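Undergrad: Our numbering applies: residue 50 is where the sequence shown begins, and numbers increase by one. Quick reminder that beta carbons are idealized off the backbone N, C-alpha and C, glycines included. Source: prediction; values computed, not measured.
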Amino acid sequence: MEKKIENILIANRGVPAVRIMHTCRDRRIRTTAVFSTPDRLAHHVFMADAAVHIGEAPPIESYLNMDRIIDAALKSGADAVHPGWGFLAENHEFAQRVLDAGLIWIGPSPEVIRKMGDKIQAKSLAQKATVPTIPGISNVTDVAQIKKWMQEEDVSFPIMIKAAAGGGGKGMVKVEHGDQMAQAFAQARSEAKKSFGDETILVEKYIERGRHIEVQIIADAFGNVLHLFERECTLQRRNQKIIEEAPSPSLDDSLRQEICFTAIRLMREIGYTTAGTVEFIFDAPTKKFYFLEVNTRLQVEHGTTELITGLDIVGIMIDVAMGRKIPFKQSEVQRNRWALEVRLNAEDPKTFSPSFGTVTRFSVPQGPGVRIASGIYEGADIPPYYDSLFMLLMTAGADREDAVRVMDRALSRNLRVEGVKTLAPLLLSIIRHPAFIAGEFSTRFIEEHMDELISMFKEKESEDEVLKVAKYVAEISALGPQKWM
50 MEKKIENILI
60 ANRGVPAVRI
70 MHTCRDRRIR
80 TTAVFSTPDR
90 LAHHVFMADA
100 AVHIGEAPPI
110 ESYLNMDRII
120 DAALKSGADA
130 VHPGWGFLAE
140 NHEFAQRVLD
150 AGLIWIGPSP
160 EVIRKMGDKI
170 QAKSLAQKAT
180 VPTIPGISNV
190 TDVAQIKKWM
200 QEEDVSFPIM
210 IKAAAGGGGK
220 GMVKVEHGDQ
230 MAQAFAQARS
240 EAKKSFGDET
250 ILVEKYIERG
260 RHIEVQIIAD
270 AFGNVLHLFE
280 RECTLQRRNQ
290 KIIEEAPSPS
300 LDDSLRQEIC
310 FTAIRLMREI
320 GYTTAGTVEF
330 IFDAPTKKFY
340 FLEVNTRLQV
350 EHGTTELITG
360 LDIVGIMIDV
370 AMGRKIPFKQ
380 SEVQRNRWAL
390 EVRLNAEDPK
400 TFSPSFGTVT
410 RFSVPQGPGV
420 RIASGIYEGA
430 DIPPYYDSLF
440 MLLMTAGADR
450 EDAVRVMDRA
460 LSRNLRVEGV
470 KTLAPLLLSI
480 IRHPAFIAGE
490 FSTRFIEEHM
500 DELISMFKEK
510 ESEDEVLKVA
520 KYVAEISALG
530 PQKWM
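1. Jot down the residue ranges of each uninterrupted beta strand (DSSP E) in the stretch 419-484, minimum 3 residues, whole runs only, in chain order.
2. Nearest to A429 by CA position, among R449, M443, L438, G406, is which residue?
3. Alpha carbon to alpha carbon, what distance is there between F206 and K223?
4. Looking at E257 and I208, is the spacing between their C-beta atoms short of 8 angstroms?
5. Taking the CB atoms as reference points, tell me whether S125 and T283 lie closer together than 8 angstroms.
6. Leaving out five residues on either side along the sequence, give the residues of the same chain with a beta carbon under 8 angstroms from the beta carbon of R481.
7. For P403, does the three-state DSSP call read helix, strand or coil?
8. Can you name the start and end residues of the alpha helix (DSSP H) that M165 belongs to?
9. Taking 8 angstroms as the cut-off, decide whether the C-beta atoms of L356 and R386 are in contact.
10. Does the beta-carbon distance from I250 to H276 come in below 8 angstroms?
11. Would you decide whether K336 is buried or exposed? Buried here means 16 or more other CB atoms lie within 10 Å of its CB.
12. Using the C-alpha atoms, what's the distance from K52 back to T322?
13. Kindly identify the DSSP beta-bridge partner or partners of A212.
14. Please confirm whether G220 and S244 have their CB atoms less than 8 angstroms apart.
15. By the DSSP assignment, the alpha helix (DSSP H) with H102 in it spans what residues?
16. Report the residue ranges of all beta strand (DSSP E) runs contained in full by the stretch 309-345; include only those spanning at least 3 residues, in chain order.
17. Flag this pair as yes or no: are the beta carbons of E263 and T353 separated by less than 8 angstroms?
18. Y435 and R62 - do their beta-carbons sit closer together than 8 angstroms?
19. With a cut-off of 8 angstroms, do at least 3 Cβ pairs link the stretch 394-410 to the stretch 363-383?
20. Name the DSSP bridge partner or partners of W154?
21. Would G364 pass as a contact of V67 if the rule is Cβ separation under 8 angstroms?
22. Which of the three DSSP states is assigned to T358 in this structure?
23. Given 7 angstroms as the limit, tell me if K223 has its C-beta closer than that to any heavy atom belonging to the ligand PLP.
24. Kindly indicate which residue of T86, I495, S85 has the alpha-carbon position closest to the one of I291.
25. Using DSSP bridges, identify the partner residues of T80.
26. Using beta-carbon positions only, say whether E279 and P296 come within less than 8 angstroms of one another.
27. Quick check on V264: does DSSP put it in helix, strand or coil?
28. Whole angstroms is fine: what's the gap from G418's alpha carbon to M115's?
29. From D448, R287, I155, pick the residue whose C-alpha is nearest to that of R493; which is it?
30. Under a three-way DSSP split, which group does H226 fall into?
31. For F331, which residues in the same chain have their Cβ closer than 7 angstroms to its Cβ, ignoring the five residues on either side in sequence?
32. Buried or exposed: which applies to R238, given that a residue is buried once 16 or more other Cβ atoms fall within 10 Å of its Cβ?
33. Assuming P398 contacts P474 under a Cβ cut-off of 8 angstroms, what Cβ separation, rounded to an integer in Å, is found between them?
34. Can you find at least 3 beta carbon pairs, one from the stretch 268-275 and one from the stretch 303-317, that sit closer than 8 angstroms?
35. Once you ignore the five residues that flank W198 on each side, which residues in its own chain have a CB closer than 6 angstroms to its CB?
36. What residue range does the alpha helix (DSSP H) around R74 cover?
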């Protein structure tokens with residue numbers, strides 16, 4: 050039976066909240082925003098039809114406060130909750146509490162979120178679905194276990210020690226030599242305990258020049274599981290993605306088909322519904338790919354897939370939550386463009402240290418092939434309590450060269466952000482780097498080329514504009530009146 054959704058509470062802030070609101074406006078669905086005290090004048094608050102204050106600045110008191118968010122949904126008359134990405138998006142307890150409150154949860158079932166949130170369980174489910182996994186060992190309690198496994202399985206350094214409940218690059222430590230192992234193990238365990246409240250550890254062989262490829266899946270409650278092709282998310286800083294593109298320049302058509310249908314097989318095996326992503330690490334020299342994890346939510350980079358397929362993934366999530374069937378077949382999903390996304394974070398591009406404050410000037414790129422998902426406006430504050438992402442900039446073209454050219458225009462000519470530092474100079478250096486243009490890079494690209502990338506920065510201040518105008522005025526004064534004046 051089809052359920053009615055007329056009002057969605059968005060349990061998020063900034064870019065993800067605004068992105069979901071765009072689809073809701075298209076669908077004539079009312080939206081309810083939630084906000085913390087420092088976010089009372091935030092972009093997502095102004096954009097929503099209604100807004101509810103849920104607490105003070107610390108996320109634990111506001112955006113992670115399940116009681117207040119569910120209370121806000123019930124009081125505002127919302128029918129459904131969409132969690133966006135981050136905060137409570139992959140929290141199975143929150144999903145269950147939303148359902149228990151009689152609301153519709155726009156996401157996969159709490160049981161699937163729970164299974165996939167545990168990396169050890171996710172890996173064993175992948176193996177059950179005959180999906181290739183990285184050689185590794187689970188439930189590690191001491192360093193001796195790791196040494197024994199490496200000896201027995203003939204695994205060489207580097208290895209990666211990971212929090213089983215991890216995500217977002219937290220609780221992950223790379224080990225290059227045996228003498229680093231004890232310290233790395235202690236660090237991963239302590240980060241796991243602090244970030245996730247769970248110190249369960251797993252260890253895997255580190256794929257040295259790995260490329261990060263993920264497949265976008267959509268599924269309904271009628272057994273239809275489809276892929277919307279793949280995205281390349283290799284360019285990362287501190288294990289967090291910074292530039293994404295669709296499709297991947299690493300794959301040929303036969304590999305693309307293999308990886309996409311492998312993802313479908315896994316999602317069918319776990320009984321997945323709604324939108325989700327299967328992440329793989331791709332070893333380019335051997336042309337082998339290995340399962341990493343399933344993201345049981347809307348991904349930050351979903352917009353690149355929307356640009357190449359013409360589909361609205363948030364709209365599909367709402368339809369599936371209402372009990373509707375996906376109205377098209379796999380053979381009808383076509384990709385006819387190339388898309389690129391850069392994440393604009395309020396950070397120093399040389400050090401990645403956060404940069405917070407008031408955005409004194411904000412000029413957004415425009416023109417053919419550009420798509421913006423912004424969480425701010427000129428005059429808005431970027432507070433120090435949350436993720437520093439304030440805008441997603443996407444470009445599309447007929448092919449990769451075209452999409453990169455449009456991104457160059459958008460970053461170098463049209464974008465202007467003042468009052469805070471942003472990653473824009475670094476992003477521009479990356480897309481102009483010969484290795485990026487050739488499509489030859491790994492997850493270590495940024496750390497290996499950082500000094501070279503910084504040397505390519507072009508410092509551009511508003512003073513440049515003033516000097517340009519002054520020079521122009523001086524020339525006119527010196528030359529006297531012109532014919533065109």
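TA: This is what the structure gives:
1. 419-423, 438-446, 465-467
2. Residue mapping note: residue 429 aligns to position 380 of the sequence shown, counting from 1. The option with the nearest alpha carbon to A429 is G406.
3. Position 174 of the sequence shown, counting from 1, holds the residue named residue 223. Position 157 of the sequence shown, counting from 1, holds the residue named residue 206. Roughly 9 angstroms between the two C-alpha positions.
4. Working through the sequence shown from its first residue, we reach residue 208 at position 159. Working through the sequence shown from its first residue, we reach residue 257 at position 208. Against a cut-off of 8 angstroms, the Cβ pair of E257 and I208 comes out as no contact.
5. Counting from one through the sequence shown, the residue named residue 125 turns up at place 76. Counting from one through the sequence shown, the residue named residue 283 turns up at place 234. No.
6. As a working mapping, residue 481 is identified with position 432 in the sequence shown. Result list for R481: D457, M505, in chain order.
7. Translated into the one-based positions of the sequence shown, residue 403 becomes position 354. Residue state, collapsed to three classes: strand.
8. By 1-based counting over the sequence shown, the position of residue 165 is 116. Where M165 is concerned, the enclosing alpha helix (DSSP H) stretches over 159-166.
9. Residue numbering aside, residue 356 sits at position 307 when the sequence shown is read from its first letter. Residue numbering aside, residue 386 sits at position 337 when the sequence shown is read from its first letter. Against a cut-off of 8 angstroms, the Cβ pair of R386 and L356 comes out as a contact.
10. Position 201 of the sequence shown, counted from the start, is the residue given in the question as residue 250. Position 227 of the sequence shown, counted from the start, is the residue given in the question as residue 276. It is not a contact, given that the beta carbons lie outside the stated cut-off.
11. Taking the sequence shown and counting its residues from 1, one reaches residue 336 at position 287. Exposed, since its Cβ has fewer than 16 Cβ neighbours within 10 Å.
12. Locating residue 322 in the sequence shown gives position 273, where the first residue counts as 1. Locating residue 52 in the sequence shown gives position 3, where the first residue counts as 1. The straight-line gap from Cα to Cα measures roughly 16 angstroms.
13. Locating residue 212 in the sequence shown gives position 163, counting from the first residue. According to DSSP, which records beta bridges pairwise, A212 is partnered with I250.
14. Position 171 of the sequence shown holds residue 220. Position 195 of the sequence shown holds residue 244. It is a contact, given that the beta carbons lie within the stated cut-off.
15. Numbered from 1 along the sequence shown, position 53 holds the residue referred to as residue 102. Looking at the DSSP string, H102 is not in any alpha helix (DSSP H); the run it does join, the beta strand (DSSP E), is 99-104.
16. 323-332, 337-344
17. If you number the sequence shown from 1, residue 263 lands on position 214. If you number the sequence shown from 1, residue 353 lands on position 304. Their beta carbons are not under 8 angstroms apart, which means E263 does not touch T353 by this criterion.
18. Mapped onto the sequence shown, residue 62 falls at position 13. Mapped onto the sequence shown, residue 435 falls at position 386. Cβ distance < 8 angstroms, so R62 and Y435 count as in contact.
19. no
20. In the sequence shown, the residue the question calls residue 154 occupies position 105. Paired residue(s): V130.
21. Within the sequence shown, residue 364 is the residue found at index 315, counting from 1. Within the sequence shown, residue 67 is the residue found at index 18, counting from 1. Against a cut-off of 8 angstroms, the Cβ pair of V67 and G364 comes out as no contact.
22. The sequence position of residue 358 within the sequence shown is 309, counting from 1. T358: helix per DSSP, three-state reduction.
23. Ligands are entirely absent from the displayed structure, and the ligand PLP is therefore not among its contents.
24. Stepping through the sequence shown from its first residue, residue 291 is reached at position 242. It is I495.
25. The residue you call residue 80 lines up with position 31 of the sequence shown. Looking at the DSSP assignment, T80 forms a beta bridge with I57.
26. Reading the sequence shown from its first residue, position 230 is the one you call residue 279. Reading the sequence shown from its first residue, position 247 is the one you call residue 296. Taking 8 angstroms as the Cβ cut-off, E279 and P296 qualify as a contacting pair.
27. Working through the sequence shown from its first residue, we reach residue 264 at position 215. Strand.
28. The residue labelled residue 418 in the question sits at position 369 within the sequence shown. The residue labelled residue 115 in the question sits at position 66 within the sequence shown. For G418 and M115, the distance between alpha carbons rounds to 39 angstroms.
29. In the sequence shown, counting from the first residue as 1, residue 493 sits at position 444. Selected option, being the one with the closest Cα: R287.
30. Residue numbering aside, residue 226 sits at position 177 when the sequence shown is read from its first letter. Note: H226 maps to coil in three-state DSSP.
31. On the sequence shown, residue 331 is found 282 positions in, with the first residue counted as 1. For F331, where only same-chain residues beyond five positions count, the Cβ hits under 7 angstroms are G259, R260, I262, S299, F338.
32. In the sequence shown, counting from the first residue as 1, residue 238 sits at position 189. That one is buried.
33. Working through the sequence shown from its first residue, we reach residue 398 at position 349. Working through the sequence shown from its first residue, we reach residue 474 at position 425. Going by Cβ atoms, the distance from P398 to P474 rounds to 5 angstroms, so yes, they are a contact pair.
34. yes
35. Indexing the sequence shown from 1 puts residue 198 at position 149. Cβ neighbours of W198 beyond the five flanking positions: I186.
36. Residue 74 sits at position 25 when you count from the first residue of the sequence shown. Looking at the DSSP string, the run of the alpha helix (DSSP H) that includes R74 is 63-75.
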